[in-house]
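Chains as they are written, first to last, in numbering that gives the first Met the number 0: chain A, 0 to 265; chain B, 0 to 265; chain C, 0 to 265; chain D, 0 to 265. We put the CB at the ideal spot given by N, CA and C, even for glycine. Note that the structure is a prediction, hence the values are computed from the model and not measured.
4 protein chains.
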Amino acid sequence: MLQGFSVPLSPEGKSSLTNLPPWHYSSDCMAIEYWADKQALAELLPPGVILDPSSDGRAFFWFLDWQFTGSNDEITDPARYQYREAFVMVEATFDGTPVNYCPYIFVDNDAAMARGWSQGYPKKLGTVFQTRTFAAPSAAAAPLAPGSRFGGSLSVHGERMATARVQLTDKIEDPRTVFNRPTVMRRYFPQLAKAGQSRPPVDELTLSLTDDLAIVDLWGGSAELTIPEVFGEEMHRIAPVRVGRGFRFGMSYSVTDLKILKDYTA
Amino acid sequence: MLQGFSVPLSPEGKSSLTNLPPWHYSSDCMAIEYWADKQALAELLPPGVILDPSSDGRAFFWFLDWQFTGSNDEITDPARYQYREAFVMVEATFDGTPVNYCPYIFVDNDAAMARGWSQGYPKKLGTVFQTRTFAAPSAAAAPLAPGSRFGGSLSVHGERMATARVQLTDKIEDPRTVFNRPTVMRRYFPQLAKAGQSRPPVDELTLSLTDDLAIVDLWGGSAELTIPEVFGEEMHRIAPVRVGRGFRFGMSYSVTDLKILKDYTA
Amino acid sequence: MLQGFSVPLSPEGKSSLTNLPPWHYSSDCMAIEYWADKQALAELLPPGVILDPSSDGRAFFWFLDWQFTGSNDEITDPARYQYREAFVMVEATFDGTPVNYCPYIFVDNDAAMARGWSQGYPKKLGTVFQTRTFAAPSAAAAPLAPGSRFGGSLSVHGERMATARVQLTDKIEDPRTVFNRPTVMRRYFPQLAKAGQSRPPVDELTLSLTDDLAIVDLWGGSAELTIPEVFGEEMHRIAPVRVGRGFRFGMSYSVTDLKILKDYTA
Amino acid sequence: MLQGFSVPLSPEGKSSLTNLPPWHYSSDCMAIEYWADKQALAELLPPGVILDPSSDGRAFFWFLDWQFTGSNDEITDPARYQYREAFVMVEATFDGTPVNYCPYIFVDNDAAMARGWSQGYPKKLGTVFQTRTFAAPSAAAAPLAPGSRFGGSLSVHGERMATARVQLTDKIEDPRTVFNRPTVMRRYFPQLAKAGQSRPPVDELTLSLTDDLAIVDLWGGSAELTIPEVFGEEMHRIAPVRVGRGFRFGMSYSVTDLKILKDYTA
């Protein structure tokens, strides 16, 4: 009997890119608030999801250093299970509820890509860096303190897709004042057989379910963000027309389930 | 209207990991014939596919340097569309027809991964190298000539999964005497919503359809192949118990369609 | 006038792999104490450096996540200036003084390689990972606490060169009880012109000078370490015959100078 | 007795990044003729080397896919010894002789970096791709034939440094009509000890000696080349003001020696 949550299936399930949940995550995050062209944002949304009229085109660009573990001691195998990610979250509504929608996301690890696709995150490979906070004091330590500066970058196939900088000003006591929307995604898997190339067998609107979500050590500050045009990509269409605050924090949660909000194939 | 064959969908379809076929491929290939434990091979086969009783456990391990182009000048953007791959092909039968089945495959490019998943190739990321033949004469040129030596290697997350060497002896005029089986795969996409975690929405046996298949400049020779045990992988279960001949050749084809042989979800 | 500390020199000095000191560093470190074959260790030492007779063949294998900054805001450009490293330190003496000598070191960044060569660190490229401590609580967080488990790995050209695991037991108040030796290196640059191929123009014994050295948050615990034999490498000759304790800590210092202990070309 | 041409020295010399010559090379190459700002080119030249007054600011930008072998069967270990490179060659003169001078060069392999530094090539790490010619016929094959299109790209730390395209028009029978200058370089190794930070121990003008140089299958065509400005780099200062022809060819040679033209430390 073959085992595994994703391909490749194998007798013991070790070869699978990812095993069944629970999936546990902890991360360091840098997020930049910005506003983009509303028409460009709206074009990215799936049926039934509309731009949040109260947000005026607000989005957040995130950089994340992730550590993952499942139930097989993955935490001690960082070569396979530690990874970096960058994504955009667009403020939208679904059935009147404020949500974030993720149109673009990049990651440097194939297990994360497989887990992401199964949830609805449209992951591609990218190279992601963010300045880290180190405990040992130094001009190189980037402590969580007023004045500390952080940089973030995303590159795809050797082209710079996004560059950000944040300078901390103040600690924010209640993270829910900044981050308080659930995330919806489009879970999508195509059909290559010719008669079905326009009818994907999987095309759903999904809602991320995050157990034990924690956001810690949240700091705010000033920010810069650029999303240049790159040949063969379209993310620059939602480049900043205005940049807001920058944030630096830790985030953790576990995943065991997914909610399907809508089946577009029905 | 959002465009794209795979995620991420975008207004112009440029961001998609891969666009609609036709997909055109040309490659340099090194393949090593070997025999593995028959029980271990049989365990990898999906329902209805059985080990070819006439093959006695024969498989081929391939290394491929690929160049891809679609309809958007991808050939001149090698940073995104040139890639390397390694896989195993197991000799099996389906409905009495001799086929190859692909249980493990590794690639260094996300567009190739997305195209592969849509066909049924269970691709993971890997780092693949093979000795190339260069035109300019040198001890470093590896010409297609008797005595020339080639090496191949596959690494996954910094661990060596396969190492091969081939030394050429003779040109083979008719490639069909060596490579003559169609390839079948298991197209599989899981469900994360808890109630469906054991019922994948996509689970099919598929048949690769290759237009204008050409195999050129086929040489045979002696071969070595090792597939060591690596933590968190199972490919060593089908490591060689005996190694046969090695082959070096070019291969090209186009993909526009896929045949679905069996729907395991029905 | 061309500028730059290392090649390539350029009019403004921006292209140089590294500029003039000061160089500021902060890191997270995992180090494993072990004992190796004394003859194998002794063979690696340069003239005048002898194995510390009181150490009985003791060495440490380190994994380091580094952040670097110079005087040009490098801290906000982590794609270029954040990097990972692994090395061996062998307990030796020079002129009767206890020192560490570094025979093997691997890094994933070219600026770090250029700085290292200029000091005497014989750096090669490698891929290095270590489990990180994250602030947000999770099974994936690896806190600095009794029972926490960390892994480390070094790969070179897709082959695993070292794998380590540490499980924390206790905080160590005084880091000098564990780490208290200065580091000596062999600064070496060869001559390719035929008449001088056996007479390197630079061949010196050097002493690392570290300003403002700090070691913080030092924890000890149990450890595992393997250094397998890899084709084309010799580090396995100093593989563990016995493994001692494992350590997890932060370290920072600045570099502005280097002491030359001995000129072997004289 | 420690062995090895470069660091790290080891008892058997296997760990060394590179062993003593002979070094044998074969490559596929794409080169674009262009003209840059003469003042910007002249600023890069070392003492005694002057811009060739008859060249009017001509330079060539090269992309190279290399295969290397020494005397230890390196050809069958492509994971370590196959690599890609990109560089600029500026037309200059030294003592009245027409030469090429190499101010910038990027490579994706540490052994190539070590060999390069020992010759005087100021190598940094980069990611290099060029379209390849494959034998199996396909829209993806890029044959050596009129109309075939090739692309090349160089990225450094995730930023695109150069992008080129060539479309072939005609075969060139005599390569010496295009490529006929020897290459001179600046061999340079710095001193970190404070008193000597402005007095590098190695600072020489060198001449590349290439045994058995062969250029084969040379085709010419039309070309495009862009060298954008990238933060922390200066290569854009010699970006094209005009682009000439593009070339595609194979090249091989061996290295056993180096000629030192001038010692700048004297």
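- Each of C/Ser26, C/Thr17, C/Met0 and C/Pro45 was checked against the Cα of leucine 1 of chain D, and the nearest Cα belongs to C/Pro45.
- Proline 10 of chain D sits away from tyrosine 103 of chain C, with the two beta carbons spaced by 7 Å or more.
- Going by DSSP, proline 97 of chain C is part of the beta strand (DSSP E) stretching over 96-100.
- As computed with DSSP, tyrosine 263 of chain B is found in no beta bridge at all.
- Residues of chain C with a Cβ closer than 7 Å to the Cβ of proline 200 of chain D are, in chain order, Pro200 and Val201.
- Listed along chain A are Thr126, Ser152, Ser154, Gly157 and Arg159, each with a C-beta nearer than 7 Å to that of glycine 157 of chain D.
- In this structure, the CA atom of alanine 134 of chain C is about 26 Å from the CA atom of valine 98 of chain A.
- For threonine 17 of chain D and glutamine 129 of chain D, the gap between their C-alpha atoms comes out near 26 Å.
- Looking at the backbone, the Cα of alanine 39 of chain D and that of proline 227 of chain D are separated by about 15 Å.
- Per DSSP, arginine 180 of chain B is not a residue of any beta strand (DSSP E), being assigned neither H nor E.
- From the listed residues D/Gln66, D/Arg79 and D/Leu43, the smallest Cα separation to serine 14 of chain D is found for D/Arg79.
- Under the DSSP definition of a beta bridge, serine 253 of chain D partners with D/His23 and D/Asp210.
- About 7 Å separates the beta carbon of serine 253 of chain A from that of tryptophan 22 of chain A, a gap short enough to meet the 8 Å contact definition.
- For the stretch 212-246 of chain C, residues whose beta-carbon sits nearer than 9 Å to a beta-carbon of chain D comprise Phe230, Gly231, Glu232, Glu233, Met234 and Arg236.
- For phenylalanine 62 of chain B against alanine 91 of chain B, the beta-carbon gap comes to about 21 Å, at or over 8 Å, which does not count as contact.
- Residue pairing for leucine 1 of chain B: DSSP places it in no beta bridge.
- Glutamate 233 of chain D and serine 147 of chain A have their C-alpha atoms roughly 28 Å apart.
- The continuous stretches of beta strand (DSSP E) do not include methionine 234 of chain B, and DSSP gives it neither H nor E.
- Look at threonine 92 of chain A: its C-beta is not under 7 Å from any C-beta on chain C.
- Counting C-beta pairs with one atom in each stretch, the stretch 190-199 of chain C and the stretch 241-258 of chain C have fewer than three that are closer than 8 Å, which means they do not touch.
- The stretch 24-41 of chain C and the stretch 215-230 of chain C touch, with no fewer than 3 CB-CB distances between them shorter than 8 Å.
- For leucine 167 of chain D, the enclosing beta strand (DSSP E) covers residues 158-170.
- In this chain, tyrosine 80 of chain B is not harboured by any beta strand (DSSP E); it is covered by the alpha helix (DSSP H) spanning 77-80.
- Boundaries of the alpha helix (DSSP H) around glycine 115 of chain A: 109-118.
- DSSP, read as helix, strand or coil, puts isoleucine 226 of chain A in coil.
- Here the stretch 134-143 of chain B makes no contact with the stretch 174-187 of chain B; the two share fewer than three CB pairs at distances below 8 Å.
- For the pair aspartate 256 of chain D and lysine 123 of chain C, the CB atoms are not nearer than the 7 Å cut-off.
- For the pair glycine 150 of chain A and proline 181 of chain B, the Cα-to-Cα distance works out to about 50 Å.
- Closer than 8 Å at the C-beta level to chain D, one finds these residues of the stretch 3-20 of chain C: Phe4, Ser5, Val6, Pro7, Leu8, Ser9, Pro10, Glu11, Lys13, Ser14, Leu16, Leu19 and Pro20.
- In terms of Cα proximity to glycine 69 of chain B, the closest of B/Thr162, B/Thr96, B/Ala111 and B/Arg244 is B/Ala111.
- A residue is called buried once 16 or more other Cβ atoms fall within 10 Å of its Cβ, and phenylalanine 230 of chain B, having fewer, is exposed.
- When secondary structure is reduced to three states using DSSP, glycine 195 of chain A falls in the helix class.
- Runs of beta strand (DSSP E) with 3 or more residues, each lying fully within the stretch 9-71 of chain A, are found at 22-34, 48-50 and 57-68, listed in chain order.
- Judged by their CB atoms, valine 165 of chain D and glycine 243 of chain D are not nearer to each other than the 7 Å cut-off.
- Under a 10 Å Cβ-count criterion, glycine 195 of chain B is classified as exposed, with fewer than 16 other Cβ atoms of the shown protein chains found around its own Cβ.
- At a Cβ-Cβ threshold of 7 Å, arginine 159 of chain D and glutamate 42 of chain A do not count as neighbours.
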